[in-house]
Ligand code: S3P
């Protein structure tokens, strides 16, 4: 069991959710996905929240959810790609957990990212993914306590994340 939260940050399409879900199951630790929780709380998809209320409302919901998470038992958390861009969110994540950047090369992200479920990119397409990647790159790296190089595929990423967490939290047995 963790003694603090673990926040996975990084670009949409970097592997935060796929790695997080699998590794949490392997290590028997609780897992949550912030986008999913916001969808459950608001009863709408992220796409509909953006369309009906605007991005600002979604960003406020993200910060409110992070505050709520600080009151809960430690878990492995996939954040939405924009969460780490807000210094207030970073302050909360640093105070209550460990921030791990899932760092995947841009060309790999572009090769398989699904745009339709991602309102910040849905209209503008892959060029916007590329622009945002460059815009956010330095911040992601600056806020991360640990950076996981997710350039060698899913299974390697799972192994690496497990290794980091086992070392950090002393989880040597299943
Ligand atoms: C966003 C990323 C999404 C979601 C929202 C905004 C972003 O999460 O929170 O569409 O600004 O990068 P994923 O990183 O899971 O795609």
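Residue numbers (our numbering): 293 to 466.
All residues carry an ideal CB built from backbone N, CA and C; glycine is no exception.
These figures come from a predicted structure and were not determined experimentally.
- For the alpha helix (DSSP H) assignment, the uninterrupted runs of no fewer than 4 residues enclosed by the region 372-399 are, from N- to C-terminal side, 379-388.
- Looking at the backbone, the Cα of residue 293 and that of residue 460 are separated by about 11 Å.
- Residue 369 sits in a strand when the DSSP states are folded into three classes.
- Beta-bridge partners assigned by DSSP to residue 297: 389.
- Fewer than three Cβ pairs drawn from the region 342-350 and the region 310-326 lie within less than 8 Å of each other, which leaves the two stretches out of contact.
- In this structure residue 441 is exposed. Its beta-carbon is surrounded by fewer than 16 other beta-carbon atoms within 10 angstroms.
- The three-state secondary structure of residue 405, taken from DSSP, is coil.
- Not one heavy atom of the ligand S3P is found less than 8 Å from the C-beta of residue 382.
- It is roughly 26 Å from the alpha-carbon of residue 419 to the alpha-carbon of residue 449.
- For residue 433 against residue 393, the beta-carbon gap comes to about 7 Å, under 8 Å, which counts as contact.
- Taking a 10 Å sphere around the C-beta of residue 352, we find fewer than 16 other C-beta atoms and assign the residue as exposed.
- DSSP, read as helix, strand or coil, puts residue 337 in coil.
- Short of 7 Å from the beta carbon of residue 380, and not among the five residues preceding or following it, lie these beta carbons of its own chain, in chain order: 355.
- Straight across, the Cα-Cα distance linking residue 328 with residue 388 is about 21 Å.
- Around the C-beta of residue 410, 16 or more other C-beta atoms lie within 10 Å, and the residue is accordingly described as buried.
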